[in-house]
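> Residue numbers (the working numbering): -8 to 113. C-beta: ideal position from N, C-alpha, C; glycine also. In this text the structure is predicted, and so the values were computed from the model without any measurement.
And the structure:
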């Protein structure tokens, strides 16, 4: 059993089929499942570049850099508000592999305590 905090659908590998990213509270680590197109999914987390440990809470999918693929933002809990853990922004390369760039993009704020995340155009 686990404490699943959030799940986000998106086409992470560019094949036109919806995949799923699942965020759990500490254990098990977050997981990226690529849709096989036949009702089954393949766990591609180990090759995705997604960080595997932390106090993850919410996720949101959107194309933050306008390059045509789905990126992922993850809010973190920061250890009950007493610790520091930066939120994560994963830039998708269009093939289902991600680079963590929250600090570079200016959205890592480690003293926050996020519970959910959303993409909007303001």
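#1: Work out the CA separation of residue 100 and residue 76 for me, nearest whole Å.
#2: Find the nearest neighbour of residue 52 within the set 37, 45, 14, judged by alpha-carbon distance.
#3: Taking the beta carbon of residue 86 as the centre, do at least 16 other beta carbons fall within 10 Å, making it buried, or is it exposed?
#4: Examine the Cβ distances between the region 81 to 95 and the region 29 to 41 and report whether three or more of them are shorter than 8 Å.
#5: According to DSSP, is residue 31 part of a helix, a strand, or is it coil?
#6: Once DSSP output is grouped into helix, strand and coil, what is the label at residue 51?
#7: Looking at residue 83 and residue 60, is the spacing between their C-beta atoms short of 7 Å?
#8: On the criterion of 16 or more Cβ atoms from any shown chain inside 10 Å, does residue 63 qualify as buried, or is it exposed?
#9: Would you mind reading off the limits of the alpha helix (DSSP H) that contains residue 107?
Reading from the atomic positions:
#1: Position 85 of the chain shown holds residue 76. Position 109 of the chain shown holds residue 100. When rounded, the distance between both Cα atoms is 8 Å.
#2: Translated into positions along the chain shown, residue 52 becomes position 61. Minimum Cα distance to residue 52 is reached at 14.
#3: Position 95 of the chain shown, counting from 1, holds the residue named residue 86. The residue in question, residue 86, is exposed, as its Cβ has fewer than 16 Cβ neighbours within 10 Å.
#4: When C-beta atoms of the region 81 to 95 are compared with those of the region 29 to 41, three or more pairs fall below 8 Å, so the two segments count as touching.
#5: Numbered from its first residue, the chain shown carries residue 31 at position 40. Here residue 31 sits in coil by DSSP.
#6: In the chain shown, residue 51 corresponds to position 60, counting from 1. Of the three classes helix, strand and coil, the one that applies to residue 51 here is strand, per DSSP.
#7: Here the question's residue 60 lines up with position 69 in the chain shown. Here the question's residue 83 lines up with position 92 in the chain shown. For residue 60 and residue 83, yes; Cβs fall inside 7 Å.
#8: Within the chain shown, residue 63 is the residue found at index 72, counting from 1. It counts as buried.
#9: Sequence index remark: in the chain shown, residue 107 carries index 116 (1-based). Premise fails: residue 107 is in no alpha helix (DSSP H) and is neither H nor E.
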